[in-house]
Structures are given as C-alpha cells and as structure tokens.
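Same order as they appear, the protein sequences are chains D and P.
Count the first sequence with my numbering and you get residues 268 to 530, in order.
Count the second sequence with my numbering and you get residues 850 to 1273, in order.
Cβ coordinates follow ideal geometry from the N, Cα and C atoms, glycine included.
Structure first, then comments.
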Amino acid sequence: MENIAFNIALLSYLVAALGYSLYLVYRKPSVNLISATTLGAGLLANSVSIGLRSVETGHGPYTTGFEIASFFAWLIVVAFFLTEWKYKIKDLGAFVVPVVFLILFYSAFQSRELALIDDSGAMFWLTLHRTLSILGYAAFAIAFAAAIMYLIQENQVKSKKLGIMYFRMPSLEVLDDLNYKVITTGFPVFTLGFMTGVIWNMKMDETLFSWDLLRTWPLIVVWLIYCVVFFGRILMGWRGKRTAQGAILGFVSIIFTYFLHVV
Amino acid sequence: MAHPNLILVGVNHKTTPVEIRERLAFTKGKIEDSIERLVSFPEIIEHTILSTCNRVEIYARAKNPDSGIECIKKFICDFHGLSVSELEQHFYSFRDEEAVEHLFRVSSSLDSMVLGEAQILGQVKDAYSLARTLRSTGLVLNQLFEKAFKVAKKVREETGIAERSVSISSAAVELAQKIFNDVENHTVMLVGTGEMAELAAKHLISYGIKTIYVASRTYERAAKLARTLNGSALDFEAFKNELYRADIIITSTASPKFIIKKEMVECAIHERKNKPMFLIDIAVPRDIEPEVNDLENVYLYDIDDLQVVVEANMMEREKEATNAMTLIRQEVTKFNNWVGGLDAVPTIVELRNRVEAVRKEELDKTLKKMSHLSDADRAALHQMTISMTKKILHKPTTKLKQKTQSQEGHVYLKAIRHLFHLDD
C-alpha cells in the first residue's frame, strides 16, 4: 500500500512537471488546471505514503535517506501551493515541480529499510533538527525557482531582447519580492535546524567537535551563503540579480551537501 | 433556405486611397438615412452598413446575389453622388462563405491597418446595433454578427494577436509593468518637455501613476507642463540631486550632450538602496549616457530600442494572425452548418415520407381484412387516406417554412425532427 501510494505520487509529480512545462509554452488555462490537480493528487499520495511509513516506524520521516527525500519533496509541494495561492505566479510550477519530481525520483532508489532509534532524548532533537532543516530547504527551493525566473526575465529586459517569456513572466519586482520573503523566512528556520542538529550530535556523541569534517563543512558553507544573502539584503539593501544568484548558488550547494551529509 | 445569398460589397484601406474612402464614408449624421433608404430596396432582404475611417462595407442578403451586389454598388455611389464606373476598380465583393470569413476577419482585427487593434470590434458592434434598432437586419445577419463578436473574443483570448504593444508609449508602459509590480504606486520624472515625453507620461498616468516631477531648462515650461499633468516642477539644476526619487525617468531635452551620466545614476541607485530604475530616453541626440544600462537594477531604453521592441511585437502579431485564421476557418464552417440547418425542405420531405409510409402500411392492413370490397371502393379508400395525410401535413409544413425565416426557426425544425423521430 505504501509503495503504491509512493508510485502514484512519483507518477503524478512527473505528469505535473511535464504539464507545467507545457503550460510555459502553450498558454492553455486547462493545462495549468490539470497540472495543479495532478500535483494535488500527488501530494495526497505522497502524504499517504509518508503517513503509512510513520505508523510502521513509530516516528516521523526523519531517519533514512528515503524518508528525508520523500518528506523534502512533500514540503516543497506544500510550500509551492502556499506561494501560488499568495502570489499567483502561474509559471512558477514549471521551475519548482521538476525539482520535486527529481527529488522523489532519487528517493525511489534509496533503501526502504526501517531504521529504529530507541533513544527518545536523541529522537526529539533529531525530529526537530530534520523538520526545521527541511522546512528551510523547502523555502530555499522556492527561492531557487523564483531566482531562475528572475534571471531569465532580467536578462530579457536588460538585453532588450524580449522573447516569449517576457510576456508571460511576472514583473522583476514580484519575483524579487518572492525571493526576499522566502529567504527571510527560510533562513532563521534553517539556522534553528542547524543549531538543533548540533545538540542532537552532542546527545549522540557527547562531544561537540567530534563531527566528521567532510560531512559538516559543506553544511556550514550552505549556512554561510544564505547568511550573506540574508544580511546583504537586510543590511546592505542587496536586491535583484545579486540575491537571485545567491539563491541559486545556495540551492546548488544544498544538493551537494545533501549527498555528503545525509547519505 | 439552402442559399442565404449573403453578400458583401466594400472598400478598405488596402484597396482604396483615403481621398476616395472619405467620399464614400457614411458619416454619423447620414448613416441612419442611408440604412432606411436601403431598406426600401426590394432586392435587399436584410443589411448592415459598416463605415469607419479605414473601411466602408455593406453586409446584406439579397434575393439574387449578382444583382444584389450591383444594386449595393449603385446605392453607395448614388448616395454620395458618384458614378459606379469611376469607382468599380476599388470595390471588392464577396458571397456566402467568403463574406462570412471577411466579417470574422474584420471584427477580429485581422484586416486592420494595425493588426490586432481593439477599436474595430467596437465599431462593428455599433454598426450592428444601429442596424438592429432600425430593423434592417434579420435572421441571418443577426446570427452572423453575434457569431462574429464571439469569434473576435475567442481570437483575442486564444491567440496573441493583441498581446504585445505596437506603439512606442505603450511598449514603454509594458516595460514598466515588467520591471515594477504596481506601476501606479511609482514615481515618474520628466526631464525636458518634449511632446513624445508628455505623451508617454500621459500614458503612464492613465495607468494610475500619481507622483510626477517635471524638470526643464526653463522653469516656466516645467511648471506649465507640471500643472497639466498634476505634478510638481523641479529646478533644472536641482533635478540631478533628486534623481533618486524617480522610479521612471523620461528624458526629451534638446541638449546636444548627455545630461544624465553613469555616475549620477550610480549615486541615485545607491541612495535608493538598489530599488530598480527605468530610464526612457526619447531625445535625439540622446540625453542619457548609454553605459547607464550597465548598472545593476537600472534599465535604459532609448528611442531606437523601443522602436525595435515595437517592430518585433508587430512581427509576433503577424505570426499570431496565422493561428487566428485557423480558428476563423473553423468558425466559418460552423456558421455554414448553422445556415444549412435553417433549410426546411429536407425536413419536410422526410416528414412526408414518414407519414406516407404509415399511410401505406395501415391501408394495406385494412384492405387485406376487407376482401369483399370492389376495386372502386378500394380506390376511394386509397384516395381518402391520401387527402387526409395531405390535409394534416399542409398547415404544419407551411408554418414551418415561414418559421425558418424567423429568429427561432431552428427551434421549430429541431422540435419537428424530435417529435416525429426523423433522426432515428
């Protein structure tokens, strides 16, 4: 049952990703509606698959690579629907949903063995750490999509070559504002996730600096990138292209870190 | 009504120079009179006159298409005191399907001078509503025009025919909308009081922009323009320090040298904490140093850049016109089917056949049981059933023929076909 739900989610995300990309080219309102409905169905199936597994393990989707990737995809879709509802940027789906699909697709190849942790003290911190971190990552995924759209639109206006995307994408200010809002929300959450991760590590190893450097350093780099983007924006008034590039660099390093840190 | 005999006679900006078009135009004061005069022509069953600055067209239904076309040509010329032979070369005329397609193209703005412009649909609507008020249209033209409006709406919604700006000032507004979220809450600064700049500013004001500054070398001129635009005037020397206040700057001075330099905009953007700026340089020679565009969050367009945008948009509209034509052809076919459905004859024939079959069947059954009847009795019975069915069908079929000429004709046809199971 859990596997069926997972496969439905995976298929729905693929169809939705293709649908949204198609909508970018062919402006048919029905295509957008079908994509959104399919994505919604995928989210439901994804929830069922996560829920069933959690019942089985007795804890949230925080322990194995499979669980985390599946949960990550789920949270991005939730964040996407919230953004859509607030900003109504119809083309955002074409940039977010393929990322969601790839994440879930990757998780399909992960081991589905159950990992049980019985130290309840450590479990509390792990839950907190993973939830907060993945929430932050989901916000950064939205910022990444908005940033790509910003750079495409900015390039067109700047170079004075106004292609088909120029007419379809929203204004630079809207995209920049979205980027700003999700990063200023995502960064503090991610920071808390980072800190609770340190606590979890201490609980597990009882020492603060026994971390595996190869696994920890990239995470610090990610944090530093968003820290620069966050404070650059708030204190120095950075906007537009620079913050968009920061959001893209940040998300790419998250993907790298993910492989080093979790796997 | 197998042949509705739709005809169209007209001249437009492609076939006829303006000197002739203006002489053929049915101007506001004269159009009602002309519609009423055309109503009295026995040759013409229904008609609508469309007269705009780019076209004069009469859409009609005639008893005979050939003589109908000649009749309308003569009417147009006589009405304006011109001779047909002199104007023959300018007229075009279409029939049935071609006339339908032409009207669909005209109302969808595919036949306009500026492809995709919105005005023509309103003009066609006005022409039709006047014709309806004066009762010069009937079943077919009413349906034709109502359909044309729907087609025009569909073309606008489903193709990009009207999507892109094709004038300098609207392209500038469109750019502003792609840079800023809510253009109306932004600030415009005019540097110089050129006519083009004023036009662009007025265009922006029509989108709701409220804060306007005007700077000019002569303060009085700045103050005068500021008054008409409901803005405030700035001293020419002071404007350089006030640049940071403006989100959109439009320059149009006669200065031979650049008056806005890269360093100035750099300072302004710093002061604005990188909030984007959109600079439009309409002046020739240019007022703004082109390197300004290299600054982050600053977008500079000069008159040539805007011209290039407009031309590219125009080309896109032409591409979209091909898609629109596909859509229009489908709609023409649908309209033809509707016209075909108006024809009462096939339905009447089917109805008669159906009744005749029943008559024969029942008569045969009866005669078989009454073998004692003489041949003369049989013939009399035969005759009686024939006249009975004829009499029963006479009134409904005549009524049906009449009704198919009216607005709700197709409803009657449908009902008859349904009640007598003619489509089974």
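Please tell me whether, using a cut-off of 7 Å, the distance from the CB of residue i to the nearest non-hydrogen atom of the ligand GDP is below it.
i, result
"Thr394(D)", "Absence of the ligand GDP from the depicted structure is noted, as is the absence of any ligand whatsoever, leaving it without description."
Pick helix, strand or coil for residue i, following the three-state DSSP scheme.
i, result
"Ala405(D)", "helix"
"Ala1082(P)", "strand"
"Val1181(P)", "helix"
"Met268(D)", "coil"
"Arg294(D)", "coil"
"Phe940(P)", "coil"
"Ala511(D)", "helix"
"Gly1057(P)", "coil"
"His896(P)", "strand"
"Tyr1150(P)", "strand"
"Leu1128(P)", "strand"
"Ala1011(P)", "coil"
"Ala911(P)", "strand"
"Asn1123(P)", "coil"
"Leu1230(P)", "helix"
"Pro455(D)", "helix"
"Phe998(P)", "helix"
When you compare only the Cα positions, how much space is there between residue i and residue j?
i, j, result
"Glu1210(P)", "Ser1236(P)", "16 Å"
"Glu1044(P)", "Leu1074(P)", "10 Å"
"Ile918(P)", "Arg1166(P)", "33 Å"
"Ile907(P)", "Trp1187(P)", "22 Å"
"Glu885(P)", "Glu1007(P)", "38 Å"
"Phe924(P)", "Leu1271(P)", "45 Å"
"Val1022(P)", "Phe368(D)", "38 Å"
"Ala375(D)", "Ala276(D)", "11 Å"
"Glu351(D)", "Asp1273(P)", "51 Å"
"Ile515(D)", "Asn903(P)", "53 Å"
"Gly878(P)", "His951(P)", "27 Å"
"Pro1134(P)", "Pro1105(P)", "6 Å"
"Val1260(P)", "Gln1254(P)", "12 Å"
"Ile898(P)", "Lys912(P)", "18 Å"
"Ala1011(P)", "Val1194(P)", "43 Å"
"His929(P)", "Tyr354(D)", "58 Å"
"Val364(D)", "Tyr1093(P)", "39 Å"
"Ile419(D)", "Met432(D)", "8 Å"
Taking 8 Å as the CB-CB limit, is residue i close to chain P?
i, result
"Val449(D)", "no"
"Gln512(D)", "no"
"Leu445(D)", "no"
"Tyr433(D)", "yes"
"Lys353(D)", "no"
"Leu289(D)", "no"
"Lys427(D)", "yes"
"Ser302(D)", "no"
"Ser297(D)", "no"
"Lys218(D)", "Shown here, chain D extends from 268 to 530; a query on residue 218(D) therefore has no answer."
"Leu393(D)", "no"
"Lys470(D)", "no"
Check this for me: beta carbons of residue i and residue j, under 8 Å apart or not?
i, j, result
"Ser956(P)", "Val1000(P)", "yes"
"Met459(D)", "Leu393(D)", "Correcting the residue type first, residue 459(D) is Leu in the shown sequence and not Met. Going by C-beta atoms, Leu459(D) is not nearer than 8 Å to Leu393(D)."
"Ile894(P)", "Gly987(P)", "yes"
"Arg870(P)", "Val860(P)", "yes"
"Leu887(P)", "Ala948(P)", "no"
"Gly403(D)", "Gly453(D)", "yes"
"Val1040(P)", "Asp1153(P)", "no"
"Ile1129(P)", "Ile1099(P)", "yes"
"Asn1097(P)", "Leu1048(P)", "Here residue 1097(P) is Ile; the residue named in the question, Asn, does not match the sequence. Cβ distance not < 8 Å, so Ile1097(P) and Leu1048(P) don't count as in contact."
"Glu380(D)", "Ser316(D)", "no"
Could you tell me whether the Cβ of residue i comes closer than 8 Å to any Cβ of chain D?
i, result
"Ile1028(P)", "yes"
"Ala967(P)", "no"
"Pro1245(P)", "no"
"Glu1145(P)", "yes"
"Arg1013(P)", "yes"
"Val1157(P)", "yes"
"Asp1154(P)", "yes"
"Pro1125(P)", "yes"
"Ala1161(P)", "yes"
"Lys999(P)", "no"
"Leu1024(P)", "yes"
"Tyr1150(P)", "yes"
Using DSSP bridges, identify the partner residues of residue i.
i, result
"Glu906(P)", "Gly859(P), Leu899(P)"
"Leu1039(P)", "Val1063(P), Ile1099(P)"
"Ile1137(P)", "Ile1109(P)"
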